[in-house]
Amino acid sequence: MTKKILIPGIVMFLIFTSAFSIAARPEGLSSPDGFVKEYLCEKMNSLITRNVDSLDKYYSNQNMEQRKYLLFTKQQLLQDFLVAYSSNNYTIQKVFPTVKVLNTEIRDGSVKITALLTARLHWNAQNSSGSPVVGVISENHQLCLGKENNHWIISSDKFETDRGSSEESINAAYDKMSNTVDQLKKEAVASLERAKASRPGRIQLIPKSQAIESESRTIYNRDDACNWAQKYWKNYSVEFVNLGDQEWEGGDCTNFISQCMRAGGAGNDTQGIFQWYYIRKGNTGTKSDSYSWTWATARGLNSVLTGNHSKKEFGPKGMEKVITGDMAYSAEVGQFVVPGDIIQYEFTAALGLKHSAIIVGKVYNSGSQRYEPVIATHSFDSWNLPWAKNAYKTHFIHITGVNQAV
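Using our numbering, the first residue of the sequence shown is number -9, and each one after it goes up by one.
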């Protein structure tokens, strides 16, 4: 008798493409709070099983509009984690999710729940025998639940990602979203195969004192910028208005980076071509505060940093290196940036700059023999994660000054 053997790539593809119709629903009609906690924990655990289809059982089998939220979530998990990590020879070894239900409203058979998902991610080189780096993420979810066949289902799940709000999926075409997920599953399989073939190595988190050049401290206090990021990546500062929830397209990400730069010594610049400022009207941040679009948007901040550098004007400034695709990252880029510097992302060729992050540390990857930055962000909120985002283009900006006209 001839034995049939499935090659590893085919096995992995089957894991990623398992049909949602065979996924078992959660047993019985549990409490709404328990259902939400189970769902959000399953979302994070799918990064370990690499099976995003495990989330299918929490959504309707018939309502395609509701299932757009499911497809959006799958895109996030695949693009921002599974593909992005493995394309840089990283893997997520463990996740430790916790869910806190902040509010529950029950009315006419439907339920609205606000919940906070926090998870510690242990990430490492794909073929590493060393200790992992520990990162943390935090997501605020506003979920609406309904009932289908005596089971809770998710009608909507509003939350922020690096690429925008899940609410944007409402206007997207279902078939296009579904095709994108299918393509990302294939990319996840291919990138994991490449990562498994990478050289064995260890990643070592470099102490910040070693990663920052001494001459950089005199013109921009990188320690203070990184300390601000560590203090406020999750618990937002009341000194500045929160621009999340699509107050600006892209959320609070660049507002947070500008705050870090302010903590590092960058003062208001209200004159000249490239203005950058935040002027508070009271003791705490409110929507009546005055701030420039360059303070709050990725494209605006980029124009200030590169414009002030090229024109030698007063204000924050920086030099930029741009790569196309995560796999274009090189040891040269790793030497170019240090903690306190900025990374910005173009997720697609058509949309331009959409997201900003601050470098809060660096790791040395002995397998690829290069330094690689770790970042903190708002919208979505994260600390100590790898820089890679599976973006079309990534802009690495080395801050060269804050208040000088040189």
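Yeah, the Cβ is synthetic: ideal placement off N, Cα and C, and Gly gets one too.
Query	Result
For T384, three-class secondary structure by DSSP	strand
Distance between beta carbons of K224 and S293, contact taken as under 8 Å	Between K224 and S293 the Cβ distance is about 29 Å, and since that is not below 8 Å, they are no contact.
Beta-carbon proximity of V91 to D23, cut-off 8 Å	yes
Bridge-paired residues (DSSP) for D371	S128
Backbone CA spacing between N169 and A163 [nearest angstrom]	10 Å
Start and end residues, alpha helix (DSSP H) containing V403	As displayed, the chain neither begins before -9 nor continues past 396, which places residue 403 out of reach and without an answer.
Collapsed DSSP secondary structure at A253 in the structure displayed	helix
Proximity of V452 and T274 at Cβ, strictly below 8 Å	Nothing about residue 452 can be read from this structure; the chain reaches only from -9 to 396.
Three-state secondary structure assigned by DSSP to Y59	helix
Span of the beta strand (DSSP E) around W223	Note, W223: premise wrong, no beta strand (DSSP E); not H, not E.
Separation of V364 from K307, as counted between CA atoms	21 Å
First through last residue of the alpha helix (DSSP H) which encompasses Q325	321 to 326
For E138, the residue or residues it bridges with in DSSP	H141
Three-state secondary structure assigned by DSSP to G315	coil
Backbone CA spacing between I209 and Y361 [nearest angstrom]	23 Å
T94, DSSP secondary structure in three states	strand
For S20, the first and last residue of its enclosing alpha helix (DSSP H)	Where S20 is concerned, there is no enclosing alpha helix (DSSP H), given that its DSSP letter is neither H nor E.
The beta strand (DSSP E) enclosing W285, as first and last residue numbers	It is not in any beta strand (DSSP E) - W285 instead sits in the alpha helix (DSSP H) that spans 283 to 286.
Residues that P306 bridges to, as DSSP identifies them	DSSP lists no partner for P306.
G391 in three-state terms, based on DSSP	strand
Anticipated Cβ contact below 8 Å, I387 with A215, distance rounded	No, I387 and A215 are not in contact; Cβ-Cβ is about 13 Å, not under 8 Å.
Cβ separation of Y80 and Q116, assumed to be a contact under 8 Å, to the nearest whole Å	6 Å
Coil, strand or helix - G120 by DSSP	coil
With 16 other Cβ atoms within 10 Å as the buried cut-off, status of Q249	buried
Distance cut-off 7 Å: K90 Cβ against heavy atoms of the ligand NAP	The ligand NAP is not among the ligands present in this structure, which contains no ligands whatsoever.
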